[in-house]
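Peer 1: Below: one structure in structure tokens.
Protein chains: 2
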Amino acid sequence: MTLDQRQADVLFTIVRCYIQSGQPVGSRTVSRKSSLNLSPASIRNIMADLAEDHYIEQPHTSAGRIPSTKGFRFYLDSKLDMEILPAEVEEKIKSALISTGPDLTQTLSQASKLLSSISNQISLVITPSQHNIRWKHIDFILLRPGLVMSILVMEGGIVQNKIITVDSEITVDDLVKFSNYLNEHYQGKTLLQVRANIFSQIKRARKRFNNLYQKALNLARESFEPDNNRQVYVDGTHYLFQDSEFTDLTKMREVFRLLEERSKLLKILDQTMESEGLSILLGQEQDWQELSDYTVISSPYSLKGDNIGLVSIIGPTRMNYSRVIPAVDLTARILSQLFNEIFEHNAEKNMPKA
Amino acid sequence: MTLDQRQADVLFTIVRCYIQSGQPVGSRTVSRKSSLNLSPASIRNIMADLAEDHYIEQPHTSAGRIPSTKGFRFYLDSKLDMEILPAEVEEKIKSALISTGPDLTQTLSQASKLLSSISNQISLVITPSQHNIRWKHIDFILLRPGLVMSILVMEGGIVQNKIITVDSEITVDDLVKFSNYLNEHYQGKTLLQVRANIFSQIKRARKRFNNLYQKALNLARESFEPDNNRQVYVDGTHYLFQDSEFTDLTKMREVFRLLEERSKLLKILDQTMESEGLSILLGQEQDWQELSDYTVISSPYSLKGDNIGLVSIIGPTRMNYSRVIPAVDLTARILSQLFNEIFEHNAEKNMPKA
DNA sequence: ATTAGCACTCTTTACCTAAGAGTGCTAACA
DNA sequence: TGTTAGCACTCTTAGGTAAAGAGTGCTAAT
């Protein structure tokens, strides 16, 4: 079942030509473009084998062949001929991201813009899940009696606001006390740690402590709840119109619909969140009707070895992988680097205090 | 130059039919669809007049007529046959917006989603410019020496963060003093008022006050700077693919490109910001290459009579105005109402204190 | 003033044919 | 035995023509 050298060679040539032209590829073309010097007739024999094993398909009898999903998968898994991005591109991205200043929100938004422009595809950047990020400060503001806004500031200037309904007797002074307490006890811990700690305290508090303390804990619990509206930065949507002559408009429309349905989108992207390094999902391999002619390439970015966010692009199955894959990879790597630098920076600052 | 009753009648019928079908409209069709009972031949005479005055155009000799930009403008300015949205739709929107709770950011995002789904077009909602909104609270957080995050919370839970570089000698205690001072003196004022006041104080402070005070003022000045990244909520992009048989893909692509270029988009939309009530901009009347086949319908929402934000839709010039216009209008009205309710609510709370 | 009638124009559609691209098979070749 | 030239066959595409259809503009009659 596995392909020998020549079969693979032919398959790769077909994939490359198909990506370039969007048209079925004939034996003549393969014969000319491939490195093995064989006549079209010989190529045809090999192509017949490949077709039998479903690596390639024929739109109709007298047409050339196009790679099947299986064919694409084989091509992608062997990841040959990736372009090496010139060092200056790497430098350009890095400096563009650093220049966004200390606000990581800006950095991520900028990363998405850069990625779409160097890949010429739709780019997605998901903001970090905050489990593993340390927080610096919490603040409660009484919007009106019974209504509090909590503001949680984390490393790198990531902010999470939440509006929380509370007991209407809670006063501004109470809130100051709460926040002082929390800032003193939990500052510098990760959200995950804080949450765990708060839950255990709530259990104990049921019996031992006074009412005010319980209210504080409940307020804290709600504030530190995992953020369910993680943001997704989307850029370069107009690139989907490239080569739209060959594209089914209904399918294009589905992509746009998906991009707006953030929950569905996140469900798809989350699959790649835990994987190490880059992953490539072919729409047709998964059961996504929305992306049947499209491919998602993702790479997580990480903080201290934990994946916290994701960089991806969505493009047609026949996109230029050799350029796009390195771009996604690079962007994720640089983001990781930036996050870790900031983390290091702050860790030094925190250590002496602790 | 102005049209008489019959000419207008014929023009309206042509516009209506063209919107419905997307095809040139012939005299037969007009004769059947219009209320005046005239034969196709008579209609043709009237159509010849209209064509001479450039209200309608002919793609080629033997085709029907399509409304010109001038024709559309005439139709839109007389705004007949607007659908009356059933009261239950109004109720549905209202309750859906109220149910988003006290967080106005959520409310606006939801408004955009609702508008796109009832209009079947791309919807845009611009977050309020904060000049006329009162602020409740300011907070400074020392991210690291020399780097401060300011958090400005306004009426309705609108939050504006800004990261500001400062003198690296400023301490956490200084920041607490600053924020206490600002909160005491300026709470409840509008951003515009605060800014004016701060500027005048800075001038005086140059001579009279100590260094710390000047630093505080400078920090305040930067925090209260008008927010240059006003958000735009965009929804329903996939509706652009409706009737895409008749649509030029290059032009569609330009729309998507424009939607991502927020500064350009805002420049276009800001034109309508100051107008009273609904405005309709035909892409071809303006000098926007990006929107040559599209129309922007906008209506500002207001707080205490001042326009603070904008609700719009972007759709093809031949969209169903009779449905879309009331939808935009209604959404803006409901938003104004909600904002004013919240304002009233808070005003009552603020009054006794002041 | 309105309309029926009609010739005219231009587009659209269908149909046909020829060209072209590519295949698969066979037989010959190294 | 692997490779290749040759060839018949299939299916799509492009081009051209003719018929159909839609709509106009004009004229003459009502």
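Protein sequence lines, in the order shown, are assigned to chains A and B. If you're matching positions, the first sequence starts at 0 in numbering that gives the first Met the number 0 and goes up one per residue. If you're matching positions, the second sequence starts at 0 in numbering that gives the first Met the number 0 and goes up one per residue. For each residue, glycine too, the CB sits at the ideal point set by N, CA and C.
Taking C-beta to C-beta, are serine 122 of chain A and glycine 235 of chain A nearer than 7 Å?
Peer 2: By 1-based counting over the first sequence, the position of residue 122 of chain A is 123. By 1-based counting over the first sequence, the position of residue 235 of chain A is 236. In this structure, glycine 235 of chain A lies closer than 7 Å to serine 122 of chain A by Cβ.
Peer 1: Starting from the C-beta of threonine 99 of chain A, find all residues in its chain whose C-beta is less than 7 Å away, skip the five residues before and the five after it, and write them out in chain order.
Peer 2: The residue given as residue 99 of chain A occupies position 100 in the first sequence. Closer than 7 Å at the Cβ level, and outside the excluded window around threonine 99 of chain A, lie Gln105, Thr106, Gln109.
Peer 1: Give me the chain B residues within the contact set of aspartate 234 of chain A, using Cβ-Cβ distance strictly less than 7 Å, ordered along the chain.
Peer 2: Here residue 234 of chain A is taken as the residue at index 235 of the first sequence, counted from 1. Neighbours of aspartate 234 of chain A on chain B, chain order: Glu259.
Peer 1: For the segment 132-147 of chain A, which residues have a beta carbon sitting closer than 7 Å to at least one beta carbon of chain B?
Peer 2: Lys135, His136, Asp138, Ile140, Leu142, Arg143, Leu146
Peer 1: Run through chain A and tell me which residues come within less than 7 Å of asparagine 160 of chain B, C-beta to C-beta.
Peer 2: As a position in the second sequence, residue 160 of chain B is number 161, starting the count at 1. Result: Val158.
Peer 1: Quick check: is the beta carbon of valine 310 of chain A nearer than 7 Å to any beta carbon in chain B?
Peer 2: Your numbering for residue 310 of chain A matches position 311 in the first sequence. Not one chain B Cβ lies under 7 Å of valine 310 of chain A.
Peer 1: What is the rounded straight-line gap between the Cα of serine 243 of chain B and the Cα of methionine 251 of chain A?
Peer 2: For the purposes of this step, residue 243 of chain B is identified with residue 244 of the second sequence, where counting begins at 1. For the purposes of this step, residue 251 of chain A is identified with residue 252 of the first sequence, where counting begins at 1. C-alpha separation (whole angstroms): 11 Å.
Peer 1: Can you give me the C-alpha to C-alpha distance between leucine 35 of chain A and arginine 317 of chain A, rounded to a whole angstrom?
Peer 2: Translated into the one-based positions of the first sequence, residue 35 of chain A becomes position 36. Translated into the one-based positions of the first sequence, residue 317 of chain A becomes position 318. Roughly 24 Å between the two C-alpha positions.
Peer 1: Please name the residue, chosen from B:Ile157, B:Asp166, B:Asn179, that lies closest to leucine 190 of chain B on a Cα-to-Cα basis.
Peer 2: Mapped onto the second sequence, residue 190 of chain B falls at position 191. For leucine 190 of chain B, the closest alpha carbon among the candidates B:Ile157, B:Asp166, B:Asn179 is that of B:Ile157.
Peer 1: The alpha helix (DSSP H) that contains histidine 184 of chain A, what's its start and end?
Peer 2: Translated into positions along the first sequence, residue 184 of chain A becomes position 185. Where histidine 184 of chain A is concerned, the enclosing alpha helix (DSSP H) stretches over 171-185.
Peer 1: Name, please, each residue of chain A whose Cβ falls closer than 8 Å to the Cβ of isoleucine 150 of chain B.
Peer 2: Translated into positions along the second sequence, residue 150 of chain B becomes position 151. Going along chain A in sequence order, the residues near isoleucine 150 of chain B (Cβ under 8 Å) are Asp138, Ile150, Val152, Val158.
Peer 1: Just to confirm the assignment: which complete alpha helix (DSSP H) runs, minimum length 4, are found wholly within the segment 216-285 of chain B?
Peer 2: 248-259, 261-269
Peer 1: What separation, rounded to the nearest whole angstrom, lies between the Cα atoms of arginine 43 of chain A and threonine 294 of chain A?
Peer 2: Walking along the first sequence from the start, residue 43 of chain A turns up at place 44. Walking along the first sequence from the start, residue 294 of chain A turns up at place 295. Taking the straight line from one Cα to the other gives about 29 Å.
Peer 1: Between B:His130, B:Met148, B:Asn131, which lies nearest to aspartate 138 of chain B when the distance is taken from Cα to Cα?
Peer 2: By one-based count along the second sequence, residue 138 of chain B stands at place 139. Ranking the options by Cα distance to aspartate 138 of chain B, first place goes to B:Met148.
Peer 1: Just checking: is the beta-carbon of proline 101 of chain A within a distance shorter than 7 Å of some beta-carbon in chain B?
Peer 2: Here residue 101 of chain A refers to the residue found at position 102 when the first sequence is read from its first residue. Any Cβ of chain B closer than 7 Å to the Cβ of proline 101 of chain A would place that residue at the interface, and such an atom is present.
Peer 1: Whose C-beta lies closer than 6 Å to the C-beta of isoleucine 162 of chain A among residues of the same chain, with five residues either side of it excluded?
Peer 2: What you label residue 162 of chain A is simply residue 163 of the first sequence in a count that begins at 1. So the list reads Met148, once near-sequence residues are dropped.
Peer 1: For isoleucine 83 of chain A, is the classification buried or exposed, using 16 other Cβ atoms within 10 angstroms of its Cβ as the cut-off for buried?
Peer 2: The residue labelled residue 83 of chain A in the question sits at position 84 within the first sequence. Isoleucine 83 of chain A should be labelled exposed.
Peer 1: Can we count phenylalanine 245 of chain B as close to the ligand SAH, meaning its CB is less than 6 Å from some heavy atom?
Peer 2: This structure lacks the ligand SAH, and indeed carries no ligand of any kind.
Peer 1: In chain B, which residues lie less than 7 Å from arginine 252 of chain A when you measure between Cβ atoms?
Peer 2: Sequence index remark: in the first sequence, residue 252 of chain A carries index 253 (1-based). What arginine 252 of chain A touches in chain B: His237, Phe240.
Peer 1: Just to confirm before moving on: does the CB-CB distance between leucine 302 of chain B and threonine 68 of chain B stay below 7 Å?
Peer 2: On the second sequence, residue 302 of chain B is found 303 positions in, with the first residue counted as 1. On the second sequence, residue 68 of chain B is found 69 positions in, with the first residue counted as 1. Contact flag unset, no.
Peer 1: With a cut-off of 7 Å, does the C-beta of arginine 43 of chain A fall near any C-beta of chain B?
Peer 2: For the purposes of this step, residue 43 of chain A is identified with residue 44 of the first sequence, where counting begins at 1. No - not a single Cβ of chain B is within 7 Å of the one on arginine 43 of chain A.
Peer 1: Determine the direct distance from the alpha carbon of valine 165 of chain A to that of asparagine 217 of chain A, and round the result to whole angstroms.
Peer 2: In the first sequence, the residue the question calls residue 217 of chain A occupies position 218. In the first sequence, the residue the question calls residue 165 of chain A occupies position 166. Cα to Cα, the separation comes out at about 9 Å.
Peer 1: For isoleucine 132 of chain A, which three-state DSSP category applies?
Peer 2: Position 133 of the first sequence, counting from 1, holds the residue named residue 132 of chain A. DSSP places isoleucine 132 of chain A in coil when its eight states are reduced to three.
Peer 1: Taking the continuous alpha helix (DSSP H) assigned at leucine 79 of chain A, which residues delimit it?
Peer 2: Residue mapping note: residue 79 of chain A aligns to position 80 of the first sequence, counting from 1. Under the DSSP assignment, leucine 79 of chain A falls outside any alpha helix (DSSP H); it carries neither an H nor an E label.
Peer 1: Using a Cβ-Cβ cut-off of 7 Å, state whether leucine 75 of chain B counts as contacting chain A.
Peer 2: To locate residue 75 of chain B, count along the second sequence from 1; it is residue 76. It does not: the Cβ of leucine 75 of chain B has no partner Cβ on chain A nearer than 7 Å.
Peer 1: Please confirm if phenylalanine 177 of chain B has its CB atom under 7 Å from at least one CB of chain A.
Peer 2: Reading the second sequence from its first residue, position 178 is the one you call residue 177 of chain B. No, phenylalanine 177 of chain B does not count as interfacial toward chain A.
Peer 1: Out of curiosity, what's the CA-to-CA distance linking asparagine 261 of chain B and methionine 153 of chain A?
Peer 2: In the second sequence, the residue the question calls residue 261 of chain B occupies position 262. In the first sequence, the residue the question calls residue 153 of chain A occupies position 154. Checking the sequence, you will find arginine at residue 261 of chain B rather than asparagine. When rounded, the distance between both Cα atoms is 27 Å.
Peer 1: Just the Cα atoms here: how many angstroms apart are lysine 202 of chain A and lysine 214 of chain A?
Peer 2: Translated into the one-based positions of the first sequence, residue 202 of chain A becomes position 203. Translated into the one-based positions of the first sequence, residue 214 of chain A becomes position 215. Approximately 13 Å between the Cα atoms of the pair.
Peer 1: State yes or no: is the beta carbon of aspartate 255 of chain A nearer than 7 Å to at least one beta carbon in chain B?
Peer 2: Mapped onto the first sequence, residue 255 of chain A falls at position 256. It should be noted that the sequence gives phenylalanine, not aspartate, for residue 255 of chain A. Interface residue, yes.
Peer 1: Report the rounded CA-to-CA distance for serine 26 of chain A versus aspartate 8 of chain A, giving the unit in angstroms.
Peer 2: Looking up residue 26 of chain A in the first sequence gives position 27. Looking up residue 8 of chain A in the first sequence gives position 9. Going by the C-alpha atoms only, they are around 13 Å apart.
Peer 1: Can you find the residues in the same chain that come closer than 7 Å, C-beta to C-beta, to methionine 81 of chain B, ignoring five residues on each side of it along the sequence?
Peer 2: Here the question's residue 81 of chain B lines up with position 82 in the second sequence. So the list reads Ser321, Ile324, Pro325, once near-sequence residues are dropped.
Peer 1: Should leucine 190 of chain B be flagged as near chain A, meaning a C-beta pair shorter than 7 Å?
Peer 2: By 1-based counting over the second sequence, the position of residue 190 of chain B is 191. For leucine 190 of chain B, the answer is no, since every Cβ of chain A falls outside 7 Å of its Cβ.
Peer 1: Count the other CB atoms within 10 Å of the CB of serine 199 of chain A; is the residue buried (16 or more) or exposed (fewer)?
Peer 2: Taking the first sequence and counting its residues from 1, the one referred to as residue 199 of chain A is at position 200. Burial call: exposed.
Peer 1: Are the beta-carbon atoms of threonine 126 of chain B and glutamine 270 of chain B separated by less than 7 Å?
Peer 2: Residue 126 of chain B sits at position 127 when you count from the first residue of the second sequence. Residue 270 of chain B sits at position 271 when you count from the first residue of the second sequence. No, the pair does not count as a contact, with Cβ atoms beyond the cut-off.
Peer 1: Could you name the residues of the same chain whose beta carbon sits closer than 7 Å to that of alanine 40 of chain B, not counting the 5 residues immediately before and after it, in chain order?
Peer 2: As a first step, residue 40 of chain B must be located in the second sequence, where it is residue number 41. If we look at alanine 40 of chain B and ignore the five residues flanking it on each side, it has no Cβ neighbours.
Peer 1: Are the C-beta atoms of lysine 335 of chain A and some chain B residue less than 7 Å apart?
Peer 2: For this step, residue 335 of chain A is matched to residue 336 along the first sequence. Position check: residue 335 of chain A holds serine in this sequence, whereas lysine was assumed. Cβ-Cβ to chain B under 7 Å: no for serine 335 of chain A.
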